[in-house]
Each structure stands twice: as C-alpha cells, then as structure tokens.
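Q: Going by my numbering, the sequence shown wraps up at 96, each residue one higher than the last.
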Amino acid sequence: MTLGTAPQLTRPAGCRAHVTLALAAGVSPVETGLDLLRLVDAETAGTQDIPIIPMPDGSVYDFVVSDTQSPSSPDHIYYYEFSAPQTCRVLFGAHY
1 MTLGTAPQLT
11 RPAGCRAHVT
21 LALAAGVSPV
31 ETGLDLLRLV
41 DAETAGTQDI
51 PIIPMPDGSV
61 YDFVVSDTQS
71 PSSPDHIYYY
81 EFSAPQTCRV
91 LFGAHY
C-alpha cells in the first residue's frame with residue numbers, strides 16, 4: 001500500500017473520520033484512518049483464520065492484508081482489543 005491511499009473499494013461519502021498526526025518538529029503530518037479501512041475490510045471478508053494472542057488485559061488480533069503494490073509480500077495489521085472499556089481524557093481541535 002502506498003501511504004495516503006485507501007483500498008479501491010466503493011465507499012459512501014463520510015464513511016470514516018480521520019486524524020492528522022504531527023508528532024515532532026521536522027516530522028511530516030500523516031493522515032491516519034486508511035489502515036483502519038484495510039482492517040475493517042479484512043475482518044468483514046471473513047476469509048482467513050485470524051490468530052488471537054491473549055494478553056493480561058485483552059487480546060491481540062493479527063490480520064494479514066494484501067498489499068496492492070506488492071501482493072507477494074502481505075502486510076500484518078495488529079489490532080488490540082481491551083477486555084474492559086478504556087477512558088482517555090483527550091482534547092481535539094479543528095480549523096477549516
């Protein structure tokens with residue numbers, strides 16, 4: 001997958017939110033959310049046995065997703081599912 005591109009699937013407008021992260025001076029901002037679309041597609045396809053790794057406070061799922069740029073070298077996306085809901089105090093700001 002090329003950074004900044006989503007899988008070529010038909011999706012309704014506004015089907016996802018995005019977050020733009022810029023973590024340090026000199027680091028280019030990156031739009032997140034595209035990897036989440038790939039994860040949802042892999043999960044809903046239901047065509048693979050997904051390894052589940054138990055953890056003390058949840059489970060880690062290992063999703064294998066094909067890379068459109070290099071089909072012979074699939075990507076792994078790891079998804080952590082907490083056993084109990086987590087609460088974080090966060091402030092989001094936006095300017096359009």
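Using N, Cα and C, we set each Cβ at its ideal position, and we do this for glycine too.
Using CA atoms only, rank isn't needed, just tell me which of Asp57, Val90, Gly46, Pro54 is closest to Val65.
A: As a working mapping, residue 65 is identified with position 65 in the sequence shown. Checking every option, the nearest Cα to that of Val65 belongs to Gly46.
Q: Which complete beta strand (DSSP E) runs does the region 26-74 hold, if anything under 3 residues is left out?
A: With a minimum length of 3 residues, the continuous beta strand (DSSP E) runs that stay inside the region 26-74 are 30-32, 52-55, 58-65.
Q: Do Asp57 and Ser83 count as a contact pair if the criterion is CB distance below 8 angstroms?
A: As a first step, residue 83 must be located in the sequence shown, where it is residue number 83. As a first step, residue 57 must be located in the sequence shown, where it is residue number 57. Yes, Cβ-Cβ distance for Ser83 and Asp57 is below 8 angstroms.
Q: Under 6 angstroms Cβ to Cβ from Pro54, same chain only, skipping five residues before and after it: list those, please.
A: By 1-based counting over the sequence shown, the position of residue 54 is 54. The answer is none, since no qualifying residue turns up.
Q: Are Leu39 and Ile77 close, meaning C-beta to C-beta below 8 angstroms?
A: Here residue 39 refers to the residue found at position 39 when the sequence shown is read from its first residue. Here residue 77 refers to the residue found at position 77 when the sequence shown is read from its first residue. The answer is yes: Cβ separation under 8 angstroms.
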